[in-house]
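**Q** What follows is a single structure, and I will ask about it in a moment.
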Amino acid sequence: MYPVIFHIDEEEKWPLLLGNVKNLRAERMDTEIEVLANAAAVKNYQHGAFNDQMRNLNNQGVQFVACQNALNAQHILKEDLPEFVSVVPAGIAELVKKQSSGYAYIKP
Amino acid sequence: MYPVIFHIDEEEKWPLLLGNVKNLRAERMDTEIEVLANAAAVKNYQHGAFNDQMRNLNNQGVQFVACQNALNAQHILKEDLPEFVSVVPAGIAELVKKQSSGYAYIKP
Amino acid sequence: MYPVIFHIDEEEKWPLLLGNVKNLRAERMDTEIEVLANAAAVKNYQHGAFNDQMRNLNNQGVQFVACQNALNAQHILKEDLPEFVSVVPAGIAELVKKQSSGYAYIKP
């Protein structure tokens, strides 16, 4: 099994990241995929333009996660996020912990 | 032995990446170096501006790899690439597999 | 204990990176944090705008490191750097070695 965490902190990288995730899913490898957004990239969870793509991937098992520090900085409430987004206190700590437990790291 | 995979998905990062690889080579560490290009960065395999530098590094053992998904998106045929470039079906899967087998990951 | 190396090669990413490090520190996890700057990003060790933040983090145990190859390319002498910055011969080699010894890699 291949666990992998994608890191995104720039809004404009969402199309590239979502394409990356779809291409990885298409390989039918045994993966566990988490997408961790911090900094400005958390805004796109709320904006909605990519929400259909995200929800579809979430239905296939891809986890979408937001950093609470970033939500605070962007004045976004957890309640304003789609139901498929989970929140961690610190996105960077999540990246560290996941790599420590064997996740590959990819930064599109 | 230090295996390392460099990830590039932006065309403008090639000079920085190739400089990074040369600096790492100059350290005379026992390394195994792969350069994995996906997204728009695969275009520069075809354009040719960096091909001499790449070929020289390849002659020293550096592997240059292109993502087939990206080649398809850019309408580039494998036959259009220099002989020293190899192709994998999905660049992201390659990044995951290599890290899973102990490669360091560097994104210039 | 969670060892982590942050990689920065672009000047404009310093505010984001320093915020990332502060957020990680605030989690009060048992971390060992190194910031490795190469390419143009080493210039900001000299410029001084972020030096107070860096020194404060260094006093908390965060290591700030510059790549000698990058210093040479930017015509910066080691003597021109603040006292809390250490220098390694090749930043990329440092990233490889640290990951090989179990450090997580984060590229803001």
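Chains as they are written, first to last, in numbering that gives the first Met the number 0: chain A, 0 to 107; chain B, 0 to 107; chain C, 0 to 107.
Idealized CB from N, CA, C, for every residue including glycine.
Flag A65 (chain B) as yes if its beta-carbon sits less than 8 Å from any beta-carbon of chain A, otherwise no.
**A** Here the question's residue 65 (chain B) lines up with position 66 in the second sequence. For A65 (chain B), the answer is no, since every Cβ of chain A falls outside 8 Å of its Cβ.
**Q** Do you know offhand how far P88 (chain C)'s Cα is from P81 (chain A)'s?
**A** Here residue 88 (chain C) is taken as the residue at index 89 of the third sequence, counted from 1. Here residue 81 (chain A) is taken as the residue at index 82 of the first sequence, counted from 1. So the two alpha carbons sit approximately 47 Å from each other.
**Q** Check whether the stretch 18 to 25 of chain A touches the stretch 89 to 107 of chain B, counting contact only when three or more Cβ pairs, one atom from each stretch, lie closer than 8 Å.
**A** Yes, since at least three Cβ pairs between the stretch 18 to 25 of chain A and the stretch 89 to 107 of chain B fall closer than 8 Å, the two stretches touch.
**Q** Do the stretch 54 to 62 of chain A and the stretch 42 to 59 of chain C make contact, defined as three or more Cβ pairs closer than 8 Å?
**A** Because the criterion of three Cβ pairs below 8 Å is not met, the stretch 54 to 62 of chain A and the stretch 42 to 59 of chain C do not touch.
**Q** Cα separation between K96 (chain C) and Y1 (chain B)?
**A** Within the third sequence, the letter at position 97 stands for residue 96 (chain C). Within the second sequence, the letter at position 2 stands for residue 1 (chain B). Distance between the alpha carbons of K96 (chain C) and Y1 (chain B): 7 Å.
**Q** Just mark P14 (chain C) as buried or exposed, buried being the case when its beta carbon has 16 or more other beta carbons within 10 Å.
**A** The count along the third sequence starts at 1 and reaches residue 14 (chain C) at position 15. Exposed is the call here.
**Q** Taking only beta-carbon atoms, is N43 (chain C) less than 8 Å away from chain B?
**A** The sequence position of residue 43 (chain C) within the third sequence is 44, counting from 1. Not an interface residue.
**Q** Counting only C-beta atoms, is P81 (chain C) closer than 8 Å to chain F at any point?
**A** Chain labels in this structure do not include chain F; the protein chains are A, B and C.
**Q** At 3 residues or longer, and completely inside the stretch 17 to 45 of chain C: list those beta strand (DSSP E) runs for me, N to C.
**A** Taking only runs of at least 3 residues, the beta strand (DSSP E) segments lying wholly in the stretch 17 to 45 of chain C are 30 to 36.
**Q** The beta strand (DSSP E) that contains A65 (chain C), what's its start and end?
**A** The residue labelled residue 65 (chain C) in the question sits at position 66 within the third sequence. A65 (chain C) -> beta strand (DSSP E) spans 62 to 66.
**Q** Hey, is the stretch 65 to 73 of chain B in contact with the stretch 67 to 74 of chain A, meaning 3+ C-beta pairs nearer than 8 Å?
**A** Contact between the stretch 65 to 73 of chain B and the stretch 67 to 74 of chain A is absent, because fewer than three Cβ pairs lie under 8 Å.
**Q** Work out the CA separation of L17 (chain A) and Q52 (chain A) for me, nearest whole Å.
**A** In the first sequence, residue 52 (chain A) corresponds to position 53, counting from 1. In the first sequence, residue 17 (chain A) corresponds to position 18, counting from 1. Their Cα atoms are separated by approximately 8 Å.
**Q** Can you tell me the Cβ-Cβ gap for V34 (chain A) and I7 (chain A), rounded? I've got them flagged as a contact below 8 Å.
**A** Position 35 of the first sequence, counting from 1, holds the residue named residue 34 (chain A). Position 8 of the first sequence, counting from 1, holds the residue named residue 7 (chain A). Contact holds; Cβ gap of about 7 Å.
**Q** Going by DSSP, what residue range makes up the alpha helix (DSSP H) through S99 (chain B)?
**A** Counting from one through the second sequence, the residue named residue 99 (chain B) turns up at place 100. Counting along the chain, the alpha helix (DSSP H) containing S99 (chain B) begins and ends at 90 to 99.
**Q** Any beta carbon of chain B sitting closer than 8 Å to that of K96 (chain A)?
**A** As a position in the first sequence, residue 96 (chain A) is number 97, starting the count at 1. False, the Cβ-Cβ gap to chain B never drops below 8 Å.
**Q** Less than 8 Å between CB atoms is the rule here; does K106 (chain C) satisfy it with respect to chain B?
**A** Here residue 106 (chain C) refers to the residue found at position 107 when the third sequence is read from its first residue. Yes, contact with chain B.
**Q** Whose C-beta lies closer than 8 Å to the C-beta of Q98 (chain C) among residues of the same chain, with five residues either side of it excluded?
**A** For the purposes of this step, residue 98 (chain C) is identified with residue 99 of the third sequence, where counting begins at 1. The residues are I4, Y104.
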